[in-house]
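Trainee: Just so you know, the protein sequences line up as chains A and B, in that order.
The letter at position 19 of the first sequence is residue 18 when you use numbering that gives the first Met the number 0, and the numbering goes up by one with no holes.
The letter at position 16 of the second sequence is residue 15 when you use numbering that gives the first Met the number 0, and the numbering goes up by one with no holes.
Virtual Cβ for every residue (Gly too), placed ideally from N, Cα, C.
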Amino acid sequence: MIKNRVKEFRAKYNLTQEELAGRVGVRRETIVFLEQGKYNPSLMLALGLAKELKTSVDKLFSLA
Amino acid sequence: MTEKQLRFIRVLVAAILAVIVSQALIRNNFILGAISVVIASLILLILRKRVKEVVADERDYKIAGDTARWTLSIFAIGGWLFSFALITMREVKPGYEIAGFTLSYAICALLLINMVVGLFFRRMDDTFPKRKRIAYFVFAFFIALLLVIAGTRLLSGEDDWICKDGKWIEHGSPSAAMPTEPCP
């Protein structure tokens with residue numbers, strides 16, 4: 000499973016799940032599952048999230 | 000339009016379509032049924048384009064893929080067992096044999112379509128233009144449909160007992176014995 004810090008970075012930039020979802024082109028539920036560690040994103044989504052959260056993929060995601 | 004509104008309209012369209020198609024089938028008006036399906040599909044397609052929110056994303060596609068794979072396996076294995084049971088019971092009622100073979104052909108057709116669509120997607124890479132991909136898909140779909148129709152037409156067992164003027168008449172060479180029940 001992949002660990003992620005999406006929630007932490009989202010809070011840092013004061014973004015709601017809905018806003019982040021809209022920016023990366025997914026539904027809010029996907030962000031919810033992602034933050035709960037119940038969904039592994041595609042490389043495309045991981046890169047999109049890293050870009051929106053102004054960080055790199057390796058800082059945002061790591062192997063559990 | 001929001002995704003929630005689209006979902007509500009989808010259910011509404013499906014309910015109306017079910018009523019129209021069932022009535023069309025009862026009245027043997029197949030054209031009305033076919034036209035209503037096409038119109039409903041077009042309405043939903045146009046409405047979907049008007050939704051600004053994301054209607055489906057990569058997680059939905061992944062779930063849809065897993066669901067399709069499991070559904071296909073359950074239908075193929077379950078259907079095969081059920082059709083086998085129906086065919087073995089042909090002595091009880093000749094109609095069972097027809098039902099069994101129809102189910103078998105339906106499973107074969109589904110697996111054939113799955114194979115063709117699978118081959119198609121394996122050949123397409125992510126850089127392939129979306130419009131071309133849809134055009135190729137529609138072409139492949141019609142080829143598969145033609146093959147299924149041709150296969151069904153060529154392989155379907157038309158050998159059966161037909162009731163005519165109160166008598167059972169052989170049509171072709173049915174494998175089952177003449178039905179014991181009286182011909183209505």
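(1) Leaving out the 5 sequence neighbours to the left and right, which residues in its chain are closer than 6 Å to serine 103 of chain B when beta-carbon positions are compared?
(2) How would you label tryptophan 160 of chain B, buried or exposed, when you count the other beta carbons within 10 angstroms and need 16 or more for buried?
(3) Grab me the residues of glycine 78 of chain B's own chain with a C-beta within less than 8 Å of its C-beta, minus the 5 sequence neighbours each way, in chain order.
(4) List the whole-angstrom C-beta distance separating leucine 16 of chain B from alanine 39 of chain B, where the pair is believed to meet the contact cut-off of C-beta under 8 Å.
(5) Applying the criterion that 16 or more other CB atoms from any shown protein chain within 10 Å of the CB defines a buried residue, is glycine 99 of chain B buried or exposed?
(6) Closer than 6 Å by C-beta to glutamate 52 of chain B: which residues in its own chain qualify, once you throw out the five before and the five after it? Chain order, please.
(7) Report buried or exposed for arginine 122 of chain B, applying the criterion of at least 16 other Cβ atoms within 10 angstroms of its Cβ.
(8) Give me whichever residues DSSP pairs with leucine 59 of chain A in a beta bridge.
(9) Identify every residue that forms a DSSP beta bridge with lysine 2 of chain A.
(10) Please state whether DSSP places aspartate 59 of chain B in a helix, a strand or coil.
(11) So which residues of chain B does valine 25 of chain A contact, with C-beta pairs closer than 8 Å?
(12) For the region 102–175 of chain B, list the alpha helix (DSSP H) runs that are entirely contained and at least 4 residues long, ordered along the chain.
(13) Among the residues of its own chain, which have a CB less than 6 Å from the CB of leucine 42 of chain A, if the five just before and after it don't count?
Mentor: A quick look at the data gives this:
(1) Ser82
(2) buried
(3) Leu102, Ser103, Ala105, Ile106
(4) 5 Å
(5) buried
(6) Glu2
(7) exposed
(8) According to DSSP, leucine 59 of chain A bridges with nothing at all.
(9) A:Ser61
(10) helix
(11) Val53, Asp56, Glu57, Arg58
(12) 129–154
(13) none
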